[in-house]
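**Student:** Using my numbering, the first residue of the sequence shown is number 5, and each one after it goes up by one.
From the three backbone atoms N, C-alpha and C, an ideal C-beta is built for every residue, glycine too.
Mind having a look at this structure? Questions to follow.
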Amino acid sequence: MEEPRDRRVRVKTPVSFEGQSGVGRGTVFNISLTGCALESLAGVKMDSTIRLDLHIPTDKKPVKVGRARVIWTAGEDMGVEFIKMDQTGKARLQRFIENLMPKKTPKADKV
5 MEEPRDRRVR
15 VKTPVSFEGQ
25 SGVGRGTVFN
35 ISLTGCALES
45 LAGVKMDSTI
55 RLDLHIPTDK
65 KPVKVGRARV
75 IWTAGEDMGV
85 EFIKMDQTGK
95 ARLQRFIENL
105 MPKKTPKADK
115 V
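What follows is the structure, encoded as structure tokens:
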């Protein structure tokens, strides 16, 4: 069974990144605590290591991912696994994700 912390949520939020092949910008379209999928015109190769700034709308400062690995690419889309992020960044990202998850409603008691 999938853990709630690993659930991906749909988003549309800006991201900037930097790696050996240069810098780029894009849009994250789904995210979890362990990674994200994003769209970008910057060509990034699979297995590249990059640094990310996730510009989440609830915070003035971006959430910084110190190291991430590109685990798949498909056209302008790519999947990124977060490898290194400080605890403060993880906590901010977790709050952002939790606020996007559907709220559970209590079940009505049967009579």
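Compare the Cα-Cα distances from F100 to each of W76, S36, V48 and S52 and report the closest residue.
**Tutor:** For the purposes of this step, residue 100 is taken as residue 96 along the sequence shown, with counting starting at 1. F100 has its Cα closest to that of S36, out of W76, S36, V48 and S52.
**Student:** Check whether the region 18-28 touches the region 89-104, taking contact to mean three or more Cβ pairs, one atom from each stretch, closer than 8 angstroms.
**Tutor:** Judged by Cβ distances under 8 angstroms, the region 18-28 makes no contact with the region 89-104, as fewer than three pairs qualify.
**Student:** Could you tell me whether any non-hydrogen atom of the ligand GDP is closer than 6 angstroms to the CB of Q24?
**Tutor:** As far as ligands go, the structure on display features none, and thus does not contain the ligand GDP.
**Student:** Classify R12 as helix, strand or coil using the three-state DSSP reduction.
**Tutor:** As a first step, residue 12 is located in the sequence shown; it is residue number 8 there, counting from the start. The answer is coil: DSSP assigns R12 none of H, G, I, E or B.
**Student:** What distance in whole Å lies between the Cβ atoms of M105 and V13, which are believed to be in contact at a cut-off of 8 angstroms?
**Tutor:** As a working note, residue 13 is residue 9 in the sequence shown. As a working note, residue 105 is residue 101 in the sequence shown. Their Cβ separation, rounded to whole angstroms, is 6 angstroms, which keeps V13 and M105 in contact under 8 angstroms.
**Student:** Which of helix, strand or coil does DSSP assign to T92?
**Tutor:** Indexing the sequence shown from 1 puts residue 92 at position 88. In the structure shown, T92 sits in a helix (DSSP, three-state: H, G or I).
**Student:** On a CA-only basis, which of N103, V84, H59 and T31 is nearest G23? Give me that one, please.
**Tutor:** The residue given as residue 23 occupies position 19 in the sequence shown. The shortest C-alpha separation from G23 is found at V84.
**Student:** Around the Cβ of L45, are there at least 16 other Cβ atoms within 10 angstroms (buried) or fewer (exposed)?
**Tutor:** Here residue 45 refers to the residue found at position 41 of the sequence shown. Classification of L45: exposed, given that the 10 Å Cβ count is below 16.
**Student:** Return yes when the Cβ of L97 is within less than 7 angstroms of the Cβ of V67, no when it is not.
**Tutor:** For the purposes of this step, residue 67 is taken as residue 63 along the sequence shown, with counting starting at 1. For the purposes of this step, residue 97 is taken as residue 93 along the sequence shown, with counting starting at 1. The answer is yes: Cβ separation under 7 angstroms.
**Student:** Would you call the CB atoms of I54 and F21 closer than 7 angstroms?
**Tutor:** Here residue 54 is taken as the residue at index 50 of the sequence shown, counted from 1. Here residue 21 is taken as the residue at index 17 of the sequence shown, counted from 1. Yes, the Cβ-Cβ distance between I54 and F21 is below 7 angstroms.
**Student:** What does a CB cutoff of less than 6 angstroms around V69 pick up in its chain, not counting 5 residues either side in sequence?
**Tutor:** Here residue 69 is taken as the residue at index 65 of the sequence shown, counted from 1. L56, F86 and M89.
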